[in-house]
Ligand code: GDP
Ligand code: IMO
Ligand code: MG
């Protein structure tokens, strides 16, 4: 049996899609366990770019079975758009893409409420993707959600949507002063969405168990990143699910797999999209350089990503909350040609030194990074082995490993599939 959980170790967009794509060359199954179409996972196959939002990135490898687990919140409209792109590219989904009957469905009122809540005056904006993620998880935990299996049942579907919409429209109209949503239109769309997803619904628990017992190779694909985790991220500037590896056992239906490999994907620098604390953020020419060279614009919303130096304190915190067993370091090539590189090794707060990411949002805002400056490299990181990387790049990696006490086993040096090195 081999289970590898691939998680974002920072604030998302670390290059999980690329790592999953590379590893899925030898996988039998890829599972998504949380989040929804807020994710944007980019995979390049030759010159062709695919951005996966809901469907596991393993779908691009023929023969790999892909599972959308019960912990995901699925927007049928986003799902349709995504399968259309795949089908247009000649990629078959029928029979190898499975949706758990327990997956919750995102409805138009979730997206509307997400946007209304962000637009509300006076409220500190989280800078969500506007995909309805928070409101859909609220309904799920409030036991008012509609799951995929419920969507297929006309009586349950209609009753639950009607019941929910009464309250949602009350809030939309009376609290947000916005136009209410049209009930008959939502019911009609939901009926069409039921037929769209019906062929994909399968008892995923049984399929996953069979794969586990058959000692198949299973990859679990996290979305977002540990620092956006609802419990352990920079709350309230987080998403509404559990991107950390522990979430995988629940959200995919795998159960606890004690010997799973937990691969934390980390960028060689750091980015964040949306609001919230970011101690090593660079609002200067270096930040702009990283954004330009790294193409740091959101794969889902197109927003420019905030850029900064690698934060080892935050990464060590992430390693702890995930139980990382190894790191996949991406975008090392983006640092090519930079004279000096800084990494945060501690924070200071009012003259005191902190060596972990604080829980207090006020402290998160005020902490100042303590930097270690490392030598940059002028040569290109384009190489065919880790040992052939420029000396300074190897030292940068060794410094990380020593600080984190976790090995870097994968190094990515470009967007393409072949730009990958294994230790
Ligand atoms: P994800 O959400 O974690 O899958 O990451 P995104 O797809 O949102 O953002 C990562 C971006 O970096 C994408 O445009 C990838 O094509 C790109 N990328 C991934 N790995 C590398 C790398 O090693 N070097 C460079 N230059 N780009 C990379
Ligand atoms: P991938 O999987 C980066 C951020 C949003 C916002 C916060 C809450 O591509 O790494 P939400 O819409 O989830 O309620 O927004 O989380 N966010 C992401 N940032 N990558 C993502 O996904 C993200 N998904 C959500 O920008 O700050
Ligand atoms: Mg992304």
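In my numbering, the protein residues as written are 492 to 914.
In this text, a Cβ means the ideal position worked out from N, Cα and C, and glycines have one as well.
Check                                                                                      : Outcome
Strand pairing of residue 697, partner residues [DSSP]                                     : DSSP lists no partner for residue 697.
Sub-8 Å separation of residue 494 and residue 526 beta-carbons                             : no
Residue 739 to residue 589 span [Cα, whole Å]                                              : 17 Å
Integer-rounded CB distance, given that residue 504 should sit under 8 Å from residue 548  : The Cβ separation is near 14 Å, so there is no contact.
Presumed contact (8 Å Cβ cut-off) between residue 755 and residue 810, rounded CB distance : 6 Å
Any non-hydrogen atom of ligand 1 closer than 7 Å to residue 809 Cβ                        : no
Cβ-Cβ distance between residue 812 and residue 723 below 8 Å                               : yes
Simplified DSSP assignment, three categories, for residue 878                              : helix
Proximity test, residue 797 beta-carbon vs ligand 2 heavy atom, cut-off 7 Å                : no
heavy atom of ligand 2 below 7 Å from residue 711 C-beta                                   : no
Beta-carbon gap between residue 827 and residue 872 smaller than 8 Å                       : yes
Three CB pairs or more closer than 8 Å across the stretch 538–554 and the stretch 730–746  : no
Spatially closest choice to residue 821 from 574, 584, 905, 619, by CA coordinates         : 905
Under the three-state DSSP convention, the category residue 509 falls into                 : helix
Counterpart residues of residue 539 in DSSP-defined beta bridges                           : 536
Rounded C-alpha distance that separates residue 710 from residue 841                       : 44 Å
Where the alpha helix (DSSP H) through residue 862 begins and ends                         : Here residue 862 belongs to no alpha helix (DSSP H); instead the beta strand (DSSP E) covers 859–866.
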